[in-house]
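> Residue numbers for the sequence shown follow the numbering used here, so the first one is 85 and each next one is one higher. For each residue, glycine too, the CB sits at the ideal point set by N, CA and C. Note that the structure is a prediction, hence the values are computed from the model and not measured. The structure is given below, and queries will be raised subsequently.
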Amino acid sequence: MKPFLYQVASLFYEKWGAEVSRLAFVFPNRRTGLFFQKYLSEVADTPLFSPTILTINDLFIQLSGKQSADRISMLFTLYDIYIRQSGSTETFDEFLYWGEMLLNDFDDIDKYMANARMLFSNVTDLREIENDFDFLSDEQIAAIRSFWSSFYPRGDTPNQQQFLAVWQVLYDLYEEFRATLAAEGKGYEGMIFREVVESMERGESPDLPYEQIVFVGLNALSVSEERFLAQLQKRKIADFYWDYVSDKVTDPDNKASYFVSRNRKSFPSSMKLPPEEKVKTEIEVIGIPSGIGQAKHVYALLSDWCKEAEMSSEEALRTAVILPDEHLLIPVLNAIPEQIRRINVTMGYPLAGTPVASLIEYILALQKNVRYIDRNPLFYFRDVLPVLNHRYILSTSSEIISSLVKEITENNKIYISHTELGKTPLLEILFTPVTGVEAFSDYLIKVLEELNKVMSALSDEEEEDATLRTNDLEQEFIFHYFTTVNRMREVMRDACVEMKIDTFFRLLKRVTDTITIPFHGEPLSGLQIMGVLETRALDFDRLIILSMNEGIFPQRKAANSFIPYNLRRGFGLPTYEHQDSVWAYHFYRLIERASHVSLLYDTRSNGLQTGEVSRFVHQLHYHYEVPMRDKLVVYNVSSSKTPPLVVPKREDIMRRLDAYRKGGSKAISASAINTYLDCPLKFYFSVVEGIREEEEVSETIESDVFGSILHKVMEELYKPFQGKMVTVDLLKAIRKDTALLTGAIARAFASEFFKTEVVRSLTGQNYLIGEMIRKYVEKILERDGKLTPFVYIESERKINGLISLSDHSEIRLKGFIDRVDEVLDAIRIIDYKSGSGTTTFSSIESLFNKEEKDRAKAVMQVFMYCWMYAHLTENKGKTIQPGIYYVRSLFADPFDPSVYHRIERGKSEKVEDFSGYAQAFEEGLRGCLDEIFNPEIPFTQTPTGKACSYCPFKGICGK
């Protein structure tokens, strides 16, 4: 296979020899020019001066003498002119979206040499069309008539009126905008093209220091480019070479041929390229159900081609990975095999897809949501944590930042002050509140400068011979963002446009969305990784093309334009059909000389993504009947049922369990025993291994915290009466003391929810929950009033005990009793429950039955407290009565916290004295603990499955 550029180089060297340096060659891009120089040096085989290598844009700018205007400054200039001309009160933020459209439209108008005055005229009389637009073809006139006839006589809808109001000022806007740029010696691309062509058509001779200009590998020419080439042709200093060897590119039924016949006819080559031998192309189409999976498959394909040995530089140069979706660049770079030592990337990577862009978005959200309490700025935890956990920030001081994140989550800090966050110089800058656009742009620049400084220091610490220095790439991303923000700040100062911080956010987002970071390497060395546009006029022996999906290659995206489709057609401006032909040409030309082509596509259907392979693949298969191998990469996902998880009690597990025996450091609680009865495996994970759910900051009060706050309030209210008689008048006084209740609730919130000693007034949702707790507290006090007089003994009593197992070893037990009081000579052991449940049990055996679906867990817990309390020396012989206060049942009548034993259906008896059940309960508890500490009985999954609903370990056990 002889590449097209090699053939052109051979042809010109044969004719011109060393004198080829007197010529200028114009290529679609600079990369193509470098490959041409390489082939020319191979053909010559002796040193020679290189001809001038240009792109068509370079040539236009050289002839124009104008500078290319900066897009951001053009937007501000356009806005200023628009406000002056229209008298509109539109803000820059509102103007920004369609201002960008107008810049694109003005560029198209000039590149395609359209008559702007006629285009932007308001055609009210359809009969004028034939007279005023006689320079257009019948088809173009029909398209213009089609558009305006839809407006009249029904041009009175609000949308039509709004369109016409703007349409009428567009010509004046276009003229003044061009004049303003010209006065500054600047211009946008289309304006520069048009001026050069018009000056040449007026007979002005361009100052060109070249004997001949050779245009190589071009295809889709705009009207200005066509007329420019025609002027050079007329002066007999131009020659043209088109890469139209593919029969598919020249097929009239293929959209790729849209420009072929016109270019060949208008701009024929002066010398004929030698005939080419047809290359037999092997094509494989590979479907992969993942975007990243495509990148990973690149590794497999390249590894096959490399075999064992390292890929030679010449082989690598003839191999290309094409990325129609530039977001896959980083995954592809990470998937290159080690045998390929050199890689050359020449494509743009979207700035919006870089880690620094996501960090800036987090910072914008952080600054937008700053809250001031007592004039102190506080940052919202949902904005703080993404910034701290971002890999750039975390990598700067991982230990400090990890401990800061831990402190925020453990102490449930919802709003955090600047002083708490500023632990490092970078964090000090990051968490400084800013107001005003000027201050914000300075703030962003400081953040990026400090971040770059820290990243540079980290980079210096890396090994000198590190194969891939990721930090270099990251610093490049930061640098591009820095230059964008800096440029925006300068332009805003010059333009003096007032804008809100929200507008600045949106402008920055829009600007960065359009910026791509150009990757430049040594094009003549290593594996070539490039976008579709970078392949123009280049040929490769082996190709891997990713994202061969309809909508990506070819792109479905239509350019936003203020000029309606029919008017674009009527005035010869580019439309989506034009774009389709460009993509088709690139694809069919690229695969023509390749011996092996792998086309990868994503098979997933999700949202707007259909999982459909590109139309080009269907055309090859059905229209051209090209033999192709279809493959589908599938992931082996096991659909078989997960086997039950069983944990045998090995020696190490038994050693952990020994910590709960007499003399050990741990004790088993009633809730741990309930956990075992719900699911032995859950007991193993949570109690034996001590695995906890990851702590998160919670804005809302979860049920367990709700219960803790209620317990705390009740403990505080009753504490002054510990060991004293409580009367109904006393409880009424507490209920009516609003300040006392409010203070107790606020203090309980501070200790249990906010995890701080600072007590502050409750607001928002917390205030509402506080009021709910107040209602519950008042109701408990009201219910207690009906039991008066009674002696309040204590709250939150910590209790410990020992129980002998069947092997006579002793196990340590512990518990926290919510409340102990004495009513009618009986000591009540009360447990508060914020949820709902039952106070009735059928038998002691049922309390320890793992297969019981609606086991009375709360009864088991309060019975265990009663058993432990009864074993205390001072309580021997006393009547002990269990009770459960289900908070949700407080408002139900009649309310009865007593525990009942169901003897038979419809008949229950109240547990007046626990002593009658103590022996049976002890036996049941011993049996349960015997099982837990028996090395022969493994920890297994729950038999019922009911406990799985909210189990944090269900992802591990898979039940």
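For Q317, which of I562, P352 and S345 has the nearest alpha-carbon?
P352
> Does the beta-carbon of D291 have 16 or more other beta-carbons within 10 angstroms, so that it is buried, or is it exposed?
Taking every protein chain shown into account, the CB of D291 has fewer than 16 other CB atoms within 10 angstroms, so this residue is exposed.
> Would you mind stating whether N688 and P373 have Cβ atoms separated by less than 8 Å?
Sequence check: residue 688 is Arg here, not Asn. Their beta carbons are under 8 Å apart, which means R688 touches P373 by this criterion.
> Which residue marks the beginning of the beta strand (DSSP E) containing P602, and which one marks its end?
T600 to P602
> Does the region 568-575 come close enough to the region 595-603 to have 3 or more Cβ pairs within less than 8 Å?
yes
> Is it true that the CB of I883 sits closer than 8 Å to the CB of E894?
no
> What do you get for E786, buried or exposed, if any count of 16 or more other CB atoms within 10 angstroms of its CB means buried?
exposed
> Residues in its own chain within less than 8 Å of E547 by CB, not counting five upstream and five downstream?
Confidence is the limiting factor: at E547 the pLDDT is only 49, short of 50, which leaves the residue's position unreliable and the question unanswerable from this model.
> Can you tell me the Cα-Cα spacing of D997 and F837, whole angstroms?
37 Å
> What residues in its chain sit with their C-beta under 7 Å from that of L257, if we drop five residues either side in the sequence?
I165, Y166 and Q169
> Tell me which same chain residues have a C-beta within less than 8 Å of the C-beta of E533, skipping the five on either side of it?
Excluding residues within five positions, the ones whose Cβ falls inside 8 Å are F566.
> When you compare each of G437, L435 and F463 to I447 by their alpha carbons, which one comes out closest?
F463
> Assuming L407 and L413 form a contact by the criterion Cβ under 8 Å, report the distance between their Cβ atoms to the nearest whole angstrom.
6 Å
> Could you check if D129 is buried or exposed, using at least 16 other CB atoms within 10 Å of its CB as the buried criterion?
exposed
> Unbroken alpha helix (DSSP H) runs of length 4 or more, entirely within the region 921-972: which are they?
928-931 and 941-954
> What residue from H795, E783 and Y768 has the CA that sits closest to R776's CA?
Out of H795, E783 and Y768, the CA that lies nearest to the CA of R776 is found in Y768.
> Report the three-state DSSP secondary structure of N199 (helix, strand or coil).
coil
> Alpha carbons only, please: which of P978, Q451 and L591 is nearest the one belonging to F179?
Checking every option, the nearest Cα to that of F179 belongs to L591.
> Just curious, the alpha helix (DSSP H) that A128 is in, first and last residue?
R114 to A128
> Between V666 and the rest of its own chain, which residues show a CB-CB distance below 7 Å, the 5 nearest in sequence each way excluded?
The residues are A304.
> Take the Cβ of C580 as the centre, count every other Cβ of all protein chains shown within 10 Å, and call the residue buried at 16 or more, exposed below.
It counts as exposed.
> Give the secondary structure of H892 by DSSP, where H, G and I count as helix, E and B as strand, and everything else as coil.
Correct three-state label for H892: coil.
> For Y325, collect the residues of the same chain with a Cβ closer than 6 Å to its Cβ; drop the 5 residues on either side in sequence, then sort them by chain order.
V92, V300 and S353, listed in sequence order.
> Check this for me: beta carbons of V781 and F465, under 8 Å apart or not?
yes
> I need the straight-line Cα distance from S508 to Y383, nearest angstrom please.
Checking the sequence shown, residue 508 turns out to be Thr, not Ser. Computed Cα separation, rounded: 41 Å.
> Mapping the DSSP letters down to three states, classify L357 as helix, strand or coil.
coil
> Can you check which of these residues, P981, V943 and D222, is closest to L871 by C-alpha distance?
P981
> Using a Cβ-Cβ cutoff of less than 6 Å, which residues in the same chain neighbour L704 once the five nearest sequence positions on both sides are dropped?
V710
> Considering Cα atoms alone, identify which of K960, G967, A954 and H955 is closest to T923.
G967
> Using only CA atoms, which one of N495, S345 and T161 lies nearest to A834?
N495
> According to DSSP, is N453 part of a helix, a strand, or is it coil?
It is coil, neither helix nor strand.
> Taking the C-alpha atoms as reference points, what is the distance between P1036 and S770?
10 Å
> With H, G and I counted as helix, E and B as strand and the rest as coil, what does DSSP make of M856?
Secondary structure at M856: helix, using DSSP grouped into helix, strand and coil.
> Within a Cβ cutoff of 8 Å, which residues of the same chain sit near I1040, ignoring the five residues on either side of it in sequence?
L729 and F769
> Would DSSP call P373 helix, strand or coil?
In this structure, P373 counts as coil in the three-state DSSP scheme.
> With H, G and I counted as helix, E and B as strand and the rest as coil, what does DSSP make of A678?
coil
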